[in-house]
Amino acid sequence: MENTHDIVPTHLVVNAMRDNGYKNAAYAIAELMDNSIQAGATIVELLCGERIEQLKQRARARISEIAVLDNGHGMTSDVLQMALQFGNGTRLNDFSGIGRFGMGLPNSSISQARRVEVWSWRNGSENAIYSYLDIDEIEKSQLKSVPTPIIKEIPDIWKEVGSNFGMTGTLVVWRNIDKIMWRTASSIIDNSELIIGRMYRYFLVDDSVVIKLKSFDMSAMPMLRQVSSRNALPNDPLYLFAKTSCPEPFDNEPMFENGDFKNTEFEINFNDSRHIVTVKFAYAKELARSGHNPGARPYGKHAAKNLGVSIVRANRELDLDTSWSDPSDPRDRWWGVEVNFPPALDDLFGVTNNKQSARNFSELAKVDLESLLEDGQTIASAKEYLDENEDPRLPLIELAQHIRKNISTIRRLIKAQTTTNESKKRHDSPHSEEKGTEATRKRQNEGYEGKSDTQEKTLPPDVREKEIADVLTEAGATTEAAKILAARTVKQNLKYTFVKSNLSTPAFFDVQSRGGAIILSLNVDHPAYNHLIELLQDDIDEANESVLRTRLMKAREGLELLLMAWARYEDEQPDGQRRTKAQEARWDWGRMAREFLVDE
1 MENTHDIVPT HLVVNAMRDN GYKNAAYAIA ELMDNSIQAG ATIVELLCGE
51 RIEQLKQRAR ARISEIAVLD NGHGMTSDVL QMALQFGNGT RLNDFSGIGR
101 FGMGLPNSSI SQARRVEVWS WRNGSENAIY SYLDIDEIEK SQLKSVPTPI
151 IKEIPDIWKE VGSNFGMTGT LVVWRNIDKI MWRTASSIID NSELIIGRMY
201 RYFLVDDSVV IKLKSFDMSA MPMLRQVSSR NALPNDPLYL FAKTSCPEPF
251 DNEPMFENGD FKNTEFEINF NDSRHIVTVK FAYAKELARS GHNPGARPYG
301 KHAAKNLGVS IVRANRELDL DTSWSDPSDP RDRWWGVEVN FPPALDDLFG
351 VTNNKQSARN FSELAKVDLE SLLEDGQTIA SAKEYLDENE DPRLPLIELA
401 QHIRKNISTI RRLIKAQTTT NESKKRHDSP HSEEKGTEAT RKRQNEGYEG
451 KSDTQEKTLP PDVREKEIAD VLTEAGATTE AAKILAARTV KQNLKYTFVK
501 SNLSTPAFFD VQSRGGAIIL SLNVDHPAYN HLIELLQDDI DEANESVLRT
551 RLMKAREGLE LLLMAWARYE DEQPDGQRRT KAQEARWDWG RMAREFLVDE
């Protein structure tokens, strides 16, 4: 008799399959909810049962079983058996909804538990059919195929805690849980709500699906058992929806706005068909950024958990891709981007079979079209080359370029918002503008006169305020911030004011004399800004001693590098008049600096 070997020895490979890439239990639970929604469910319940265990002379609640119950159309015996097979299912080539890959139910279940049991019914829950998978039985070669479904009564405890047993539905139960890092029912629900609320936000917002989150003690007597229940709220990473899980005051109103960024539709030709990809942008309202340290407030911390570009497939989020953001920059929490594409583009975007990422698209966060250019090649010719060579990245590269460009613009808007807060903070105590003004008044008394001095003498106060505000607005300040700064400058008789800007030149700062004031525009894109200004301003009141010490050391390094840059500038000047003028400019600036920096 010929010796045969299975290509995939199930009893050996099953443990390797358990480590199948789910980020955590919430993403595995979402796979079950995908099946429910695809099956037409309008109510889905997450049921988390725990038991009291004695641990180190102390009784603690520990998660015991997890179930997902829905009122979808249920499964026949053949479909249930197929649903428990790896790589099989009724939607393997279905590009019309959120399901498709045929891996969700078995893959997600064994990633968290050693046994999964399924009841499904199409004519009342009392007629439910049942089947299961068990890791222990598979390892011992006791279970080599999906058991033929049989009619089996649903355990009383699930009937008691579930409120969704209608004429049709499905109940999936995880038992012998050994892979979930969250130990209690409440921690599973709390951590899952943020992710599930974000994944299914479109279904929750339009009320097409209600997701109930329930926890209970499985070891309690039925008459004494209490069930904690709440509905999952939508979690919108673009914060454009009202009535979401965002904390007050933005729980009932949007925290972000679109501004001038309109939704953009990209038409992509793929597999001889045309498909639409929609891109949305949003950024924080000024109200959300106002006050002291908004990032430390509950809604600011909520936004920090929604950092990145939301990749949405058929209105179900796959991933919140952080590769487009800078985790070290706390301001990146104040913008959001969403890319929504149809399932027909799965292969183009590189959607994984666990529906947790779009690999091809994510890789483009690090690819700049200009980096692909060869010597003398234009962007147009590069696109033509990619097209001729049938490079599948071409349509995604153009999409990525659009996203990258708009994120850069939004970041500038967010930086400009901070000017309002800083201008308000500076009312209460002496600051550099006042010291600079004192030094300037002293020079005026000594007979020195600048262009701004003439404007200060001849222009009425309202004209001065308007001219200063216009310059500040052109530099990038918001209208509100510009008015505040201009009014303070004129009313307090100051000669100087600062504004953050994106200069088109390589200069660290720009100088303009308008309305009797000297306006310094600091170039936020210049490295010196990050090394010196921003480093010492950002959340300074909240920084501990260690953080302050680190910032001061970096600021000193930044100042030294700035001086080295000037020294090198002089060093590269040819002998003669240019070198002499550079030295004289340094001497003159040094004398001026001495007068401004003197501490009486």
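Each residue of the sequence shown is one higher than the one before, starting from 1 at the first, in the UniProt record's numbering.
Here a beta-carbon is modelled for each residue, glycine too, at the ideal position from N, C-alpha and C.
State the DSSP-derived secondary structure class of arginine 114, mapped to helix, strand or coil. Three-state result, arginine 114: strand.
Which residues does DSSP pair with leucine 194 in a beta bridge? The bridge partners DSSP lists for leucine 194 come to none.
Counting only the same chain and skipping the five closest in sequence on each side, list residues whose C-beta sits under 6 Å from that of tyrosine 200. Same-chain partners within the cutoff: there are none.
Please list the terminal residues of the continuous beta strand (DSSP E) segment that includes phenylalanine 86. The continuous stretches of beta strand (DSSP E) do not include phenylalanine 86, and DSSP gives it neither H nor E.
Give the straight-line distance between the Cα atoms of valine 161 and valine 227, rounded to the nearest whole angstrom. If I take the Cα positions, the gap works out to 7 Å.
Are serine 323 and serine 362 close, meaning C-beta to C-beta below 7 Å? Taking 7 Å as the cut-off, the Cβ atoms of serine 323 and serine 362 count as close.
For the segment 195–227, list the beta strand (DSSP E) runs that are entirely contained and at least 3 residues long, ordered along the chain. Fully enclosed beta strand (DSSP E) runs of 3 or longer: 210–217.
Residue ranges of each alpha helix (DSSP H) within the segment 273–315, 4 or longer: Considered as a whole, the segment 273–315 harbours 286–289 and 298–304 as its complete alpha helix (DSSP H) runs of no fewer than 4 residues, in chain order.
N-terminal and C-terminal residue of the alpha helix (DSSP H) that tryptophan 174 is part of: It is not in any alpha helix (DSSP H) - tryptophan 174 instead sits in the beta strand (DSSP E) that spans 169–177.
Return the Cβ separation of isoleucine 52 and glutamine 112 in integer angstroms, given the expectation that the two are a contact with Cβ distance under 8 Å. A Cβ-Cβ separation of about 21 Å leaves isoleucine 52 out of contact with glutamine 112 under the 8 Å criterion.
Tell me asparagine 340's beta-bridge partners as DSSP assigns them. Thr278 and Val312, per the DSSP bridge assignment.
Find out if the Cβ-Cβ distance for the pair glycine 295, proline 330 is shorter than 7 Å. In this structure, proline 330 lies closer than 7 Å to glycine 295 by Cβ.
Of the listed residues Tyr496, Thr148, Asn24 and Arg60, nearest to alanine 83 (C-alpha basis): It is Thr148.
Note down, in chain order, each residue of its chain lying with its Cβ closer than 6 Å to the Cβ of alanine 439, except the 5 sequence neighbours on either side. Excluding positions up to five away in sequence, the list reads Glu595 and Phe596.
Name, in chain order, the residues that DSSP records as bridge partners for aspartate 319. Paired residue(s): Ile311.
Who are the near neighbours of isoleucine 195 in its chain, counting only those whose CB is closer than 6 Å to its CB and skipping five residues on each side? Answer for isoleucine 195: Ala26, listed in chain order.
Which of the three DSSP states, helix, strand or coil, is assigned to aspartate 541? Residue placement at aspartate 541 is poorly supported in this model, since its pLDDT is 49, which falls under 50; the coordinates still yield a value, given next. Correct three-state label for aspartate 541: helix.
For isoleucine 211, tell me which candidate among Leu69, Asp332 and Ile150 has the shortest Cα-Cα distance. Shortest Cα-Cα distance from isoleucine 211 to any of Leu69, Asp332 and Ile150 involves Leu69.
When you compare only the Cα positions, how much space is there between threonine 580 and leucine 563? So the two alpha carbons sit approximately 18 Å from each other.
Unbroken beta strand (DSSP E) run spanning serine 64, endpoints: Its beta strand (DSSP E) spans residues 58–70.
Is it the case that the Cβ atoms of leucine 345 and histidine 275 are separated by a distance below 7 Å? In this structure, histidine 275 lies closer than 7 Å to leucine 345 by Cβ.
Counted within 10 angstroms of its Cβ, other Cβ atoms place tryptophan 566 as buried (16 or more) or exposed: With fewer than 16 other CB atoms across the displayed protein chains lying within 10 angstroms of its CB, tryptophan 566 is exposed.
Tell me whether the beta-carbon of arginine 514 lies closer than 7 Å to the beta-carbon of valine 490. Their beta carbons are not under 7 Å apart, which means arginine 514 does not touch valine 490 by this criterion.
Beta-carbon separation of leucine 521 and alanine 475 under 7 Å? First, the amino acid is wrong: residue 521 is serine here, not leucine. A contact, by the Cβ cut-off of 7 Å.
Near phenylalanine 508, which residues of its chain fall below 6 Å by C-beta distance, leaving aside the five closest residues on each side in sequence? For phenylalanine 508, where only same-chain residues beyond five positions count, the Cβ hits under 6 Å are Asn523, His526 and Ala528.
Sequence-distant residues of its chain with Cβ nearer than 6 Å to tyrosine 351 (five each side left out): In the sequence as presented, tyrosine is not what sits at residue 351; that position holds valine. Cβ within range, chain order: Ala358.
Alpha carbon to alpha carbon, what distance is there between leucine 394 and leucine 272? Here residue 272 turns out to be aspartate, not leucine, going by the sequence shown. If you draw a straight line from the Cα of aspartate 272 to the Cα of leucine 394, it is about 15 Å long.
N-terminal and C-terminal residue of the alpha helix (DSSP H) that arginine 579 is part of: Run containing arginine 579: 577–597, per the alpha helix (DSSP H) assignment.
Between Pro254, Phe266, Asn354 and Ala314, which has its C-alpha nearest glycine 336's C-alpha? The residue from Pro254, Phe266, Asn354 and Ala314 with its alpha-carbon nearest to that of glycine 336 is Pro254.
Could you name the residues of the same chain whose beta carbon sits closer than 6 Å to that of lysine 415, not counting the 5 residues immediately before and after it, in chain order? Its chain contains Lys500 and Val524 as the residues whose beta carbon lies nearer than 6 Å to that of lysine 415, once the 5 sequence neighbours on both sides are disregarded; these appear in chain order.
Pick from Ile129, Lys144 and Asn360: whose alpha carbon is nearest that of glutamine 85? The residue with the shortest Cα to Cα distance from glutamine 85 is Lys144.
Secondary structure of aspartate 510, DSSP reduced to three states: Note: aspartate 510 maps to strand in three-state DSSP.
How long is the line joining the alpha carbons of arginine 122 and valine 173, rounded to whole angstroms? So the alpha carbons of these two residues sit roughly 18 Å apart.
Which one of Val471, Asn406 and Asn315 has the shortest CA to CA distance from isoleucine 37? Checking every option, the nearest Cα to that of isoleucine 37 belongs to Asn315.
Going by alpha carbons, who is nearest to tryptophan 587 out of Glu570, Lys305 and Ala477? Closest option to tryptophan 587, Cα to Cα, is Glu570.
Serine 452: buried (16+ other C-beta within 10 angstroms of its C-beta) or exposed? Serine 452 sits buried, since 16 or more C-beta atoms from the chains shown fall within 10 Å of its C-beta.
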